[in-house]
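Going by my numbering, 620 is the number at position 350 of the sequence shown; the sequence numbering is gapless.
Ideal Cβ positions, reconstructed from N, Cα and C, are used throughout, including at glycine.
Note that the structure is predicted; figures quoted are calculated from it, not measured.
Working notes, beginning with the structure itself.
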Amino acid sequence: MEKLNKLAIELEQTSESLKLQPDPAAVEAFRIEWLGKKGKIAGLYATMKEIDAADRREAGQRMNRLKQNAESVLEQLEQLCVQSQVQQSLQREPLDVTLPVAEHMQLGSHHPVSLMRRRVFEIFHRLGYVVYDGPDIEDDFYNFEALNIGKDHPARDMADTFFLRSHEYVLRTHTSNTQIHGMLGRTPPIKMISAGRCFRVDNDATHSPMFHQVECLAVDRGLSVGHMKGLIETFLSELFGSRVKTRFRSSFFPFVEPGAEVDCECVLCGGAGCRVCGHSGWIEIGGCGMVDPNVFEAVQIDSEEYSGFAFGFGIDRMAMLAFGLPDLRDLFVGDTRLLSQFPDQPYFSH
Ligand code: PHE
Numbered sequence: 271m272e273k274l275n276k277l278a279i280e281l282e283q284t285s286e287s288l289k290l291q292p293d294p295a296a297v298e299a300f301r302i303e304w305l306g307k308k309g310k311i312a313g314l315y316a317t318m319k320e321i322d323a324a325d326r327r328e329a330g331q332r333m334n335r336l337k338q339n340a341e342s343v344l345e346q347l348e349q350l351c352v353q354s355q356v357q358q359s360l361q362r363e364p365l366d367v368t369l370p371v372a373e374h375m376q377l378g379s380h381h382p383v384s385l386m387r388r389r390v391f392e393i394f395h396r397l398g399y400v401v402y403d404g405p406d407i408e409d410d411f412y413n414f415e416a417l418n419i420g421k422d423h424p425a426r427d428m429a430d431t432f433f434l435r436s437h438e439y440v441l442r443t444h445t446s447n448t449q450i451h452g453m454l455g456r457t458p459p460i461k462m463i464s465a466g467r468c469f470r471v472d473n474d475a476t477h478s479p480m481f482h483q484v485e486c487l488a489v490d491r492g493l494s495v496g497h498m499k500g501l502i503e504t505f506l507s508e509l510f511g512s513r514v515k516t517r518f519r520s521s522f523f524p525f526v527e528p529g530a531e532v533d534c535e536c537v538l539c540g541g542a543g544c545r546v547c548g549h550s551g552w553i554e555i556g557g558c559g560m561v562d563p564n565v566f567e568a569v570q571i572d573s574e575e576y577s578g579f580a581f582g583f584g585i586d587r588m589a590m591l592a593f594g595l596p597d598l599r600d601l602f603v604g605d606t607r608l609l610s611q612f613p614d615q616p617y618f619s620h
């Protein structure tokens with residue numbers, strides 16, 4: 271009993287002095303000394319058998335109380351340690367939350383593809399064209415059937431097209447689906463422009479499996495190839511400057527007749543030929559042509575009365591040309607070091 275009294279007083283004193291200057295190492299030493307396997311409390315319990323049977327019960331209860339006291343002292347000391355560490359670090363590194371934000375805060379910028387799309391819309395808006403939207407997921411009718419792309423056309427091959435739900439739906443392979451949305455249920459004159467994502471199984475320096483196109487469609491009485499060429503040349507010189515060289519190459523698309531592909535002089539080599547333009551000096555930006563009578567039939571427009579033209583250009587290709595980018599896929603990696611370099615007015619100034 272005497273020993274118990276002594277230890278109770280000692281615990282009190284130790285705890286008072288440790289609380290004055292809480293320190294993790296001293297607290298750990300306290301734990302080992304008092305509550306460790308070979309500590310003071312364990313030592314007390316070991317003396318149990320030496321105690322008279324009559325006193326054992328009371329001694330046991332007092333030992334338990336002492337142990338509980340030691341445990342609660344330990345808990346308090348641990349909390350004090352945490353508090354004093356927080357205090358110390360606050361004193362060491364004062365934090366003023368009212369200070370203004372650091373000046374190196376990064377501002378976002380527009381993606382080059384967004385800049386290009388906006389610029390294209392600006393030009394066509396001035397020419398009286400209306401902007402239409404169209405779905406990325408499209409059904410067979412709008413993406414293929416109504417565009418005179420027959421069931422056995424190679425464009426429907428799995429190697430080119432991403433199909434969804436057992437070939438019922440596709441990720442649109444071009445923005446030409448918006449021509450059908452634009453014409454169905456409408457009476458000409460129609461002057462529309464539409465831009466968005468397209469998807470094809472394709473991946474190299476001038477192709478990405480996800481890319482952007484802008485589609486233009488005009489339907490009216492008496493429209494001719496001359497109107498189409500004039501519009502495209504006006505548009506491209508607005509976009510790239512009047513000295514940009516363009517050419518039309520006769521080509522085939524099922525939904526136009528006649529059809530052509532449109533090339534712009536490669537800005538990366540100035541037409542001399544480089545890796546990006548396949549050493550030809552030209553970069554293809556898309557296709558164009560006069561709306562095929564079969565397409566008019568699919569949307570119930572009389573091809574005897576009306577004619578029309580359409581084109582679909584790659585926005586990413588045009589951005590490549592405008593910014594002099596060697597690899598189209600760089601546009602879609604999301605590297606801010608590259609993306610932050612594009613000014614809001616990107617085009618050629620010549
Ligand atoms: N849709 C065609 C393509 O994806 C481009 C095009 C559009 C061609 C309109 C002619 C007319 O390549």
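Task: Neighbour-count burial assignment, VAL489, 16 or more Cβ in a 10 Å radius - done: As a position in the sequence shown, residue 489 is number 219, starting the count at 1. Using a 10 angstroms sphere on the CB of VAL489, the tally of other CB atoms reaches 16 or more, which defines it as buried.
- [ ] Select from GLU320, ASP605, ASP427 and GLN291 the residue whose C-alpha is nearest the C-alpha of LYS273.
- [x] Looking up residue 273 in the sequence shown gives position 3. LYS273 has its Cα closest to that of GLU320, out of GLU320, ASP605, ASP427 and GLN291.
Open item on the list: Any contact between the segment 454-463 and the segment 473-482? By contact I mean 3 or more CB pairs, one from each, below 8 Å.
Closed with: Result no; under three Cβ-Cβ pairs closer than 8 Å.
Open item on the list: Shorter than 7 Å, the distance from the beta carbon of GLY556 to the closest heavy atom of the ligand PHE, or not?
Closed with: Translated into positions along the sequence shown, residue 556 becomes position 286. Because some heavy atom of the ligand PHE lies under 7 Å away, the Cβ of GLY556 counts as near it: yes.
TODO: Can you say whether PHE411 is buried or exposed, counting buried as having 16 or more other CB atoms within 10 angstroms of its CB?
DONE: Your numbering for residue 411 matches position 141 in the sequence shown. Result: exposed.
Open item on the list: Using 8 Å as the threshold, is the C-beta distance between PHE581 and CYS468 below it?
Closed with: Position 311 of the sequence shown, counted from the first residue, corresponds to residue 581. Position 198 of the sequence shown, counted from the first residue, corresponds to residue 468. No, these two residues do not count as a Cβ contact at 8 Å.
Task: Whole-angstrom C-beta distance between ASN413 and THR443, which should lie under 8 Å - done: As a position in the sequence shown, residue 443 is number 173, starting the count at 1. As a position in the sequence shown, residue 413 is number 143, starting the count at 1. Confirmed, Cβ separation roughly 6 Å.
Task: Beta bridge counterpart(s) of LEU441 as assigned by DSSP - done: Here residue 441 refers to the residue found at position 171 when the sequence shown is read from its first residue. Answer is ILE407, bridged to LEU441.
Open item on the list: Please give me, in chain order, every unbroken run of the alpha helix (DSSP H) with length at least 4 that falls completely inside the segment 308-389.
Closed with: 310-316 and 323-362
Task: Identity of the residues DSSP links to ALA295 by a beta bridge - done: Here residue 295 refers to the residue found at position 25 of the sequence shown. Partner(s): none; ALA295 has no beta bridge.
- [ ] Look up HIS395 in the DSSP assignment and say whether it is helix, strand or coil.
- [x] For the purposes of this step, residue 395 is taken as residue 125 along the sequence shown, with counting starting at 1. HIS395 falls in the helix class under three-state DSSP.
Task: Near the ligand PHE: GLU363 beta-carbon under 7 Å from a heavy atom - done: Here residue 363 refers to the residue found at position 93 when the sequence shown is read from its first residue. No, the beta carbon of GLU363 sits no closer than 7 Å to any heavy atom of the ligand PHE.
TODO: Would you mind sorting GLN570 into buried or exposed? The rule is 16 or more other CB atoms within 10 Å of its CB.
DONE: Translated into positions along the sequence shown, residue 570 becomes position 300. GLN570 sits exposed, since fewer than 16 C-beta atoms from the chains shown fall within 10 Å of its C-beta.
Task: Other residues of its chain near ARG491: CB distance less than 7 Å, five sequence neighbours each side excluded - done: Position 221 of the sequence shown, counted from the start, is the residue given in the question as residue 491. Here the set comprises GLU575 and TYR576.
- [ ] Kindly indicate which three-state DSSP category ALA278 falls into: helix, strand or coil?
- [x] As a first step, residue 278 must be located in the sequence shown, where it is residue number 8. DSSP places ALA278 in helix when its eight states are reduced to three.
Task: Residue environment, HIS437, which counts as buried when at least 16 other CB atoms sit within 10 Å - done: Locating residue 437 in the sequence shown gives position 167, where the first residue counts as 1. HIS437 is exposed by the Cβ-count criterion.
- [ ] Verify whether the separation of the beta carbon atoms of LEU509 and ARG389 is less than 8 Å.
- [x] To locate residue 509, count along the sequence shown from 1; it is residue 239. To locate residue 389, count along the sequence shown from 1; it is residue 119. One thing to note: LEU509 has its Cβ within 8 Å of the Cβ of ARG389.
Task: Endpoints, alpha helix (DSSP H) assigned at THR457 - done: Taking the first residue of the sequence shown as 1, we reach residue 457 at position 187. Element bounds for THR457: n/a, residue is neither H nor E.
Task: Three-way DSSP call (helix, strand, coil) for ASP533 in this model - done: Counted from its first residue, the sequence shown places residue 533 at position 263. DSSP places ASP533 in strand when its eight states are reduced to three.
TODO: Identify the continuous beta strand (DSSP E) that holds LEU591 and give its terminal residues.
DONE: Walking along the sequence shown from the start, residue 591 turns up at place 321. Segment 585-593 is the alpha helix (DSSP H) holding LEU591; no beta strand (DSSP E) there.
TODO: Take the Cβ of VAL603 as the centre, count every other Cβ of all protein chains shown within 10 Å, and call the residue buried at 16 or more, exposed below.
DONE: By one-based count along the sequence shown, residue 603 stands at place 333. Flag for VAL603 reads exposed.
- [ ] Report yes or no: do the segment 547-567 and the segment 492-512 share at least 3 C-beta pairs separated by less than 8 Å?
- [x] yes
- [ ] Answer yes or no: do ILE463 and PHE394 have a C-beta to C-beta separation smaller than 8 Å?
- [x] On the sequence shown, residue 463 is found 193 positions in, with the first residue counted as 1. On the sequence shown, residue 394 is found 124 positions in, with the first residue counted as 1. Yes, the Cβ-Cβ distance between ILE463 and PHE394 is below 8 Å.
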